[in-house]
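Residue numbers (my numbering), protein chains in the order written: chain A, 3 to 370; chain B, 3 to 370.
As structure tokens, the structure follows; a few thoughts come after it.
This is the structure we're talking about:
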């Protein structure tokens, strides 16, 4: 993997990240393809949207269809016919949040499948084995992710585990095209974050992620932590803020120097009738759109906005036609990916701050 | 509207049907877009599939979003951004089959909405008004469609109503681009069918449909009726067999001289995991496809079969990803539309009988 920072604007960075499968321009948003498909989308849709990397969820794919099956069929790229890059998470976050009755030991986590209640164990070795079978381009360390707020004592014990597990992951032999990212934890405590970062730096990962944010803390707290912390991360490595976030959260994190993002928001909210526009989120269920012949976002160049009206999409959503979810998902993903492209241009022109101010103001204009 | 029979092969016909919106090659299969969308599909999908005409359901569109709303927004073509042809049914069939507590009077049908229980009345005038508001290219007469078996006495009374209503529909002034089709009823009674046909012939409709089949009778009974009846219909007008059907039913009806078809089977079955192939229907849920890296149909040229495996589609279907329904719907519609294109070529080469034998044998080979 090759990562180059090509331009900066303030602390914001524009770069390229090259894997065996694609050249990814950063800052990048990675659409979430939980179970080997981005919800409502096909692989050709993702190509059309210009995505260079998508995310797959280790926990879900391990349970169904099974990472051994995916390995037998040539790996996740081949299985879902996706030729560009894939990042897989470690499975940890879903083990804690989705499964029943999980029990954390020193070596990993025992948990019950949320599907059939069957018992499973995933620790650092198991997570690496699964991600190796999936064959993703970027592999994430298996970590512990404590919900916030969390006592300092608990956080230190958790960090110790995360760091021990990171070492085990680092020693695991992955496929030659795979790259391992470490995950900095430490909650909102800047000193613990720095301690975590130093510990991980010694292991020389291909990239570093910031985990354990957007897990219950206030938005301002997350922003402050990012402001105080991100610039201390190694400049020459990609920085990935896991599970974030809303458009303005991403914009703020880019401002602090983050390069990579993922979030289910554009896909999940689409299915609930929320479309993102340059003037903020729009709820298509609202009666005012019943006869509205404007496109969802008058400033958007996506194929949905070129062709369909708010009135039509509202009707389809109201009668529960899947086509509604498809149209809104496509638009929302375009919104995110276009926002990242625009951010990148602004950084390369060293005008990120202007862009930030303009985007922020417009997105908060509350037109809808 | 212009209809030309360009070639025949036995009783089978190949022709063109020209509306203001598109030139339709016949025999034609019309995908069903019940509520202003073919389920799982967008209008650009239907263009990509090569559909020249789709069907909309008057009953559904009348209830939601309302035909008045659609008229205000420029008609159904504009509303769903579909530039090619649209046929709308009369609403009758759904009023009888879906609504609660319907009551047929001499003038039409009182019924309760299946959505909110509200009371409505649709008769021939109301059906014409709604279809005029929708602005479809082909409008269907409002008829009564008795379930089979049905006593002769009842059928005669029903026919009388259907014919009176047909006259009212004929006298209704539609939009200038719209064309009205009469519907022959009479169940399995050849004499009644001929009587119905003669009555409708006097009203000089732009096309004629065969209604009241595939409503409870045996498949052999339908085939016999078509064999005895279709060739008696006017040669110079398009013949539409409503709501039919399975691939072999369509093949048989083409053999008797039918030009137009519609059916929810390719779209509905796709959502239930059934894909149509040249070797018969395939149930993707079957465990034997778990690691099957073949395309759904090895003989199919559609983009789904060019890219995805049975194993992948099976996985998506098993975990309830909408993408599965989308891929299978696209494939099934391609199967139907390609079958019609192949049938047309065979008729034009006057080799329909060979095609019929070959298709029949292969489709019944029970490979799956």
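All C-beta atoms, glycine included, are put in the ideal place defined by N, C-alpha and C.
The model shown is predicted, which means the values in this text are computed figures rather than measured ones.
So within the region 254-289 of chain A, which uninterrupted alpha helix (DSSP H) runs reach at least 4 residues, ignoring any that extend past its ends? 267-273
For residue 87/A, list the residues DSSP reports as bridge partners. Residue pairing of residue 87/A in beta bridges, as defined by DSSP: 55/A.
List the residues of chain A that residue 83/B touches, going by C-beta distances under 9 Å, in chain order. 309, 310, 311 and 314
DSSP state of residue 165/B mapped onto helix, strand, coil: helix
Within its chain, find whatever has a CB closer than 6 Å to the CB of residue 211/A; leave out the 5 residues flanking it on each side and keep chain order. 183, 185, 242 and 244
Tell me which same chain residues have a C-beta within less than 6 Å of the C-beta of residue 179/B, skipping the five on either side of it? 22
Provide the residue(s) that pair with residue 17/A in DSSP beta bridges, ordered along the chain. 7/A and 28/A
Check whether the Cβ atoms of residue 25/A and residue 50/A sit closer than 8 Å, and answer yes or no. no
Contact between the region 266-279 of chain B and the region 35-49 of chain B (3+ Cβ pairs under 8 Å): The region 266-279 of chain B is in contact with the region 35-49 of chain B.
Residue 317/A by DSSP, collapsed to three states: which one? Here DSSP, grouped into helix, strand and coil, assigns residue 317/A to helix.
Output yes or no for whether 8 Å exceeds the beta carbon distance between residue 9/B and residue 350/B. yes
Return helix, strand or coil for residue 241/A, following the three-state DSSP convention. strand
Start-to-end residues for the beta strand (DSSP E) that takes in residue 212/B: 209-212
Which residues mark the beginning and the end of the beta strand (DSSP E) in which residue 103/A is found? 102-106
Cβ-based burial, residue 99/B [other Cβ within 10 Å; buried from 16]: exposed
Run down chain A in chain order and give the residues with a C-beta less than 9 Å from the C-beta of residue 323/B. 36, 37, 38, 39, 41 and 42, listed in chain order.
Residue from 104/B, 177/B, 203/B and 219/B whose Cα sits closest to the Cα of residue 151/B: 219/B
In angstroms, rounded to a whole number, what distance separates the CA positions of residue 312/A and residue 286/A? 7 Å
Reduced DSSP secondary structure (H/G/I, E/B, other) of residue 122/B: DSSP places residue 122/B in strand when its eight states are reduced to three.
What does DSSP give as the partner residue(s) for residue 114/B in the beta ladder? 102/B and 121/B
Closest Cβ-Cβ distance between residue 287/A and chain B: below 8 Å? no
My output table needs one value for residue 327/A: the three-state DSSP class, helix, strand or coil. helix
Evaluate the contact criterion for the region 255-264 of chain B versus the region 213-229 of chain B: three or more CB pairs, one atom per stretch, below 8 Å. yes
Within 8 Å of any Cβ in chain A, is that where the Cβ of residue 67/B sits? yes
Nearest-angstrom Cα separation, counted from residue 207/B out to residue 46/A: 45 Å
Could you check what DSSP says for residue 97/B in three-state terms: helix, strand or coil? helix
Check this for me: beta carbons of residue 94/B and residue 119/B, under 8 Å apart or not? no
How many whole angstroms separate the CB atoms of residue 17/A and residue 264/A, which I take to be in contact at a CB cut-off of 8 Å? Not a contact, Cβ separation roughly 17 Å.
Is the region 324-337 of chain B close to the region 350-366 of chain A, with three or more CB pairs under 8 Å? no
Under 8 Å, do residue 167/A and residue 147/A count as touching if we go by C-beta distance? no
Chain-ordered neighbours of residue 295/B on chain A, where CB pairs are closer than 7 Å: Within 7 Å Cβ-Cβ: 75.
Would you verify that the beta carbon of residue 179/A is, or is not, closer than 8 Å to some beta carbon of chain D? Protein chains in the displayed structure are A and B, and chain D is not among them.
For the candidate residues 75/A, 223/A, 92/A and 149/A, whose alpha-carbon lies nearest to that of residue 123/A? 92/A
Buried versus exposed, by CB contacts within 10 Å (16 or more), residue 357/B: buried
Between which residues of its own chain and residue 6/A is the CB-CB distance below 7 Å, once the five residues before and five after are set aside? 17 and 18
Using the beta-carbon count (16 or more within 10 Å), is residue 52/A buried or exposed? exposed
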